[in-house]
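Heads up, the thing below is written out as structure tokens.
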Amino acid sequence: MSKIGRKPIILSDEIKVSREGERLLVQGPKGRLEVKIPAKINVSLENQVIKVSRLSNDKESRALHGLIRALINNASSGVREGFQKSLLLRGVGFRAELKEGDLHLQLGFSHPVVVKKEEGLDLEVAKKGSDTVITVSGIDKQKVGQFAAELRAQKPPEPYKGKGFRYLDEEIKLKPGKSAKSTVGA
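So in our numbering, the last one in the sequence shown is 201, and the numbering has no gaps at all.
Below you can see the structure in the form of structure tokens.
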């Protein structure tokens with residue numbers, strides 16, 4: 016039995032869950048999400064407690080058991096509190112600003128980079144000293160993480176000075192630069 020899959024999900028009173036065919040609809044104060052439930056997985060709801068079980072013990076069912084429980088838990092957390100990821104943009108001349116909902120970036124390329132904001136996500140740009148902090152927030156954990164990863168991939172941190180995008184809590188181990196040439200007998 017999956018350790019994650021057998022844990023029940025206890026819902027708060029502000030979250031409403033309903034099942035429509037193979038979809039589980041989760042509604043809360045921040046919005047509405049749906050989770051697709053495979054035919055090999057059974058989901059039962061009793062007194063604001065969701066229990067996930069598998070109908071057979073084959074390899075695919077065992078893999079889906081914990082996954083579906085985690086997806087339902089993420090959906091319930093998302094509609095209640097939401098998710099956010101913060102990225103730090105560091106580097107001379109690197110800039111980020113919001114224009115008409117889209118993110119306009121200057122990352123040292125010959126052209127500005129425009130990143131379209133996805134539906135269901137909120138973007139916020141703030142200055143922190145000489146760095147820029149970009150916060151991506153929304154109710155869907157997968158969308159928030161995917162958008163943040165795509166943003167980071169535009170200019171990943173380089174290993175010598177750390178210029179580029181990094182997650183706010185990410186530690187970059189910097190490499191030492193070239194050593195100065197020693198002058199012996201000069």
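Yeah, the Cβ is synthetic: ideal placement off N, Cα and C, and Gly gets one too.
According to DSSP, is Gly93 helix, strand or coil?
Three-state result, Gly93: helix.
Could you spell out where the alpha helix (DSSP H) holding Glu165 opens and where it closes?
Following the DSSP letters along the chain, one finds Glu165 inside the alpha helix (DSSP H) bounded by residues Lys156 to Gln169.
With 16 other CB atoms within 10 Å as the buried threshold, where does Pro191 fall?
Its Cβ having fewer than 16 others within 10 Å, Pro191 is exposed.
Apply the 10 Å Cβ neighbour rule to Ser194 and answer buried if 16 or more other Cβ atoms are within range, or exposed otherwise.
By the C-beta density criterion, Ser194 is exposed, having fewer than 16 other C-beta atoms within 10 angstroms.
Touching by the beta-carbon criterion (3+ pairs, under 8 Å), the segment 113-133 and the segment 83-98
Counting Cβ pairs under 8 Å, fewer than three are found: no touch.
C-alpha distance - Lys131 paired with Glu115, whole-angstrom precision
Each residue's Cα considered, the two are about 10 Å apart.
When burial is assigned at 16 or more other CB atoms within 10 Å of the CB, is Ala90 buried or exposed?
Buried is the call here.
Check for me: the beta strand (DSSP E) holding His119 runs from which residue to which?
His119 -> beta strand (DSSP E) spans Asp117 to Gln121.
Would you mind stating whether Ile149 and Leu113 have Cβ atoms separated by less than 7 Å?
Going by beta carbons, Ile149 and Leu113 fall outside the 7 Å limit.
With a 10 Å radius around its C-beta and 16 neighbouring C-beta atoms as the bar for buried, classify Lys188 as buried or exposed.
Classification for Lys188: exposed.
Smallest Cα separation from Gly108: which of Asn72, Tyr182, Ala54 and Pro127?
Minimum Cα distance to Gly108 is reached at Pro127.
Rounding to the nearest angstrom, what Cα-Cα distance links Ile25 and Pro44 in this structure?
Straight-line Cα distance between these residues: approximately 17 Å.
For Arg69 and Ile10, believed in contact at Cβ under 8 Å, the rounded distance:
Residue 10 falls outside the range modelled here, since the chain spans only 16 to 201, and no answer is possible.
Out of Ser27, Phe98, Leu104 and Leu138, point me to the one whose CA is closest to Asn62's CA.
Out of Ser27, Phe98, Leu104 and Leu138, the CA that lies nearest to the CA of Asn62 is found in Ser27.
May I have the straight-line CA-CA distance separating Val164 from Leu136, to the nearest angstrom?
The sequence shown places Ala at residue 164, rather than the Val named in the question. The alpha-carbon atoms of Ala164 and Leu136 are separated by roughly 14 Å.
Assuming Gly179 and Glu173 make a contact with CB atoms under 8 Å, what is their CB distance in whole Å?
Between Gly179 and Glu173 a beta carbon distance of about 6 Å is seen, short of the 8 Å cut, so the two are scored as contacting.
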